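If you're matching positions, the sequence shown starts at 247 in my numbering and goes up one per residue. Glycine included, each C-beta is placed from N, C-alpha and C at the ideal position. If you're wondering where the values come from, they're calculated on a predicted model, not measured in any experiment. First comes the structure, then the notes that go with it.
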Amino acid sequence: MTSQSTSFAEIDALYPLPPEELPRQWVLAPSAEALPDAWEAHALRGWHFAAHPDAELLPLRARDGSPLGWVLAVLAQLGPDGDRVPSDALTLPVGADPLPAELEAALYGRNAAGVNEHGHGLEGAWTALVIAPSLRRVYVNPTGGLVYSPERRTVAVTYNLIPGLERDLEVSQAFNSPAAQYFYTYGLTSHRGLHRLLPNHYLDLDTFEAQRHWPTQRLPPFASGEEGVHRIVVHARRVLAALSGYYEGFNVGLTAGYDSRAALSILRPLVIEGVDVSLTTKIAPTEGHRVDVAGAKRLARIAGLPHRVQHTQPGEKDNVARYYVRIGEARGGRFIANAAGDQGDAEGTDEARRLTLHGGSGEIGRGKLWVGKG
Numbered sequence: 247m248t249s250q251s252t253s254f255a256e257i258d259a260l261y262p263l264p265p266e267e268l269p270r271q272w273v274l275a276p277s278a279e280a281l282p283d284a285w286e287a288h289a290l291r292g293w294h295f296a297a298h299p300d301a302e303l304l305p306l307r308a309r310d311g312s313p314l315g316w317v318l319a320v321l322a323q324l325g326p327d328g329d330r331v332p333s334d335a336l337t338l339p340v341g342a343d344p345l346p347a348e349l350e351a352a353l354y355g356r357n358a359a360g361v362n363e364h365g366h367g368l369e370g371a372w373t374a375l376v377i378a379p380s381l382r383r384v385y386v387n388p389t390g391g392l393v394y395s396p397e398r399r400t401v402a403v404t405y406n407l408i409p410g411l412e413r414d415l416e417v418s419q420a421f422n423s424p425a426a427q428y429f430y431t432y433g434l435t436s437h438r439g440l441h442r443l444l445p446n447h448y449l450d451l452d453t454f455e456a457q458r459h460w461p462t463q464r465l466p467p468f469a470s471g472e473e474g475v476h477r478i479v480v481h482a483r484r485v486l487a488a489l490s491g492y493y494e495g496f497n498v499g500l501t502a503g504y505d506s507r508a509a510l511s512i513l514r515p516l517v518i519e520g521v522d523v524s525l526t527t528k529i530a531p532t533e534g535h536r537v538d539v540a541g542a543k544r545l546a547r548i549a550g551l552p553h554r555v556q557h558t559q560p561g562e563k564d565n566v567a568r569y570y571v572r573i574g575e576a577r578g579g580r581f582i583a584n585a586a587g588d589q590g591d592a593e594g595t596d597e598a599r600r601l602t603l604h605g606g607s608g609e610i611g612r613g614k615l616w617v618g619k620g
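This is the structure we're talking about:
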């Protein structure tokens, strides 16, 4: 799709995609009628919830076992009594009707000053739907998000699960993400009345307004860049150590870039301990991948780890459009075309028992963090 050929009318003709095409997605609403019939329904204190069968869903409970709602996509829970991968339910160290500060400390590991001193809290692309007696909020992980409609009082992963929305054509054309690869910024979305919850915010389900909950004050700086990097590496290795007892091994998406090399280096202690780690370089049939392949092969030889090159094919136009709608128009461009053509879904295979680590988060702050000295 190019700027000349983007047809939002064709895209709108696909909305909403059927629930079976929305893996790992979920919806929360005040009425069970808003839930897909094919998904198992849950209810708590006047709120109704359903998720795709592939969603990593756990009941959320207080320390005494009282229900607090639901949580999705938790990788690990780190705490003073040990680090674990929750399986049947996620129990927070809070009372049956927690105060906001108590709840946020359990989710994010923060103290009263907003600092995570001990590395406690939840890890992963998690979302917590908290339906406590006096507190009804939706929290997202520090880089996460979701969409919500105050008019319909509905929360979901994408607009597919909120029927009846109308496109804001002017905003859609201004960003034109299928062609320009722009993200919708500042909580904007492609549809009228639909908002995106930004990181560091929670959604108040009583008022359906987003509130910023962090930072609460100026955070103390690291003494140096080296100290900051050290904290990140130590914490990441702690998380991976907890996961290594649950997953059979790790896959690392390796290129010649700094980001994927950083992910590989963080795994070094586990490699020394004999944890199963394999490396994969995905390439599309375009020029410009020779450096990535050559660099990845050399790094794999140095690390003494198995490496494979996986060739991907861009998806057909119809598949690309459906994939674009499936992810709620959160991203456009060639990355969508490659993802729509990638048939590497690991569901139901041995690969599903392995965890894939991507180095993409290394792009954050690249302008400052990747510049060498001298």
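- Residue burial annotation: Asn406 is buried, with at least 16 other C-beta atoms found within 10 angstroms of its C-beta.
- Taken atom to atom, the span from the alpha-carbon of Leu443 to that of Trp372 is near 14 Å.
- Taking C-alpha positions only, Thr435 is separated from Asp505 by approximately 29 Å.
- Residue environment: Ser277 is assigned as exposed (fewer than 16 neighbouring CB atoms within 10 Å of its CB, all protein chains considered).
- Judged by DSSP secondary structure, His481 falls within the alpha helix (DSSP H) whose first and last residues are 471-490.
- When DSSP reads this structure, Val384 sits in a beta bridge with Leu375, Leu449.
- For secondary structure counted as the alpha helix (DSSP H) over 4 or more consecutive residues, the region 329-371 holds these complete runs in sequence order: 346-354.
- The Cβ atoms of Ala426 and Gly579 sit closer than 9 Å to each other.
- If you check the CB distance, Ala509 and Asp538 do not come in under 9 Å.
- Collapsing the DSSP output to three states places Val403 in coil.
- Excluding its 5 nearest sequence neighbours in each direction, Ile582 has C-beta neighbours in its own chain below 7 Å: Val566, Tyr569, Tyr570, listed in chain order.
- Between the region 399-418 and the region 265-285, the count of Cβ pairs shorter than 8 Å is three or higher; the stretches touch.
- Taking the Cα positions, Gly391 is about 6 Å away from Pro445.
- Where Phe295 is concerned, the enclosing beta strand (DSSP E) starts and stops at 293-297.
- For the 9 Å CB-CB criterion, Pro467 and Gly360 do not form a contact.
- Taking C-beta atoms as the reference points, Val403 and Trp272 count as a pair closer than 9 Å.
- If you look at Pro305, you'll find it isn't in any alpha helix (DSSP H); it sits in the beta strand (DSSP E) that goes 303-307.
- In the structure shown, Arg458 adopts extended strand secondary structure according to DSSP, grouped into three states.
- With respect to the C-alpha of Asp327, the residue from Thr389, His364, Ala287 having the closest C-alpha is His364.
- Pro265 carries a helical assignment under DSSP once its states are collapsed to helix, strand and coil.
- Per the C-alpha coordinates, the member of Ala586, Leu601, Arg577 positioned closest to Asn422 is Arg577.
- Spanning the alpha carbons of Asp334 and Glu416 requires a straight line of approximately 46 Å.
- Here the region 333-347 does not lie against the region 279-299, with fewer than 3 beta-carbon pairs under 8 Å apart.
- When DSSP states are grouped into helix, strand and coil, Gly315 belongs to the strand group.
- One Cα belongs to Asn387, the other to Glu302, and the distance between them is close to 15 Å.
- Note on geometry: alpha-carbon atoms of Pro305 and Leu314 lie some 8 Å from one another.
- Under DSSP, Ser524 takes part in a beta bridge, and its partners are Asn497.
- Per DSSP, Arg442 is not a residue of any alpha helix (DSSP H); the beta strand (DSSP E) it occupies stretches across 441-443.
- When only Cα atoms are considered, Thr558 and Ile478 end up about 32 Å apart.
- Spatial neighbours of Arg483 in its own chain (CB-CB distance under 7 Å, excluding positions within 5 residues in sequence) are listed in chain order as Ile512, Pro515.
- It is roughly 29 Å from the alpha-carbon of Tyr432 to the alpha-carbon of Ser380.
- Its chain contains Pro313, Leu314, Ala335, Leu336, Thr337, Leu338 as the residues whose beta carbon lies nearer than 8 Å to that of Arg307, once the 5 sequence neighbours on both sides are disregarded; these appear in chain order.
- In the three-state DSSP reduction, Ile573 falls in the coil class, being neither helix nor strand.
- The C-alpha of His481 lies about 15 Å from the C-alpha of Arg356.
- Taking 9 Å as the cut-off, the Cβ atoms of Trp316 and Leu375 count as close.
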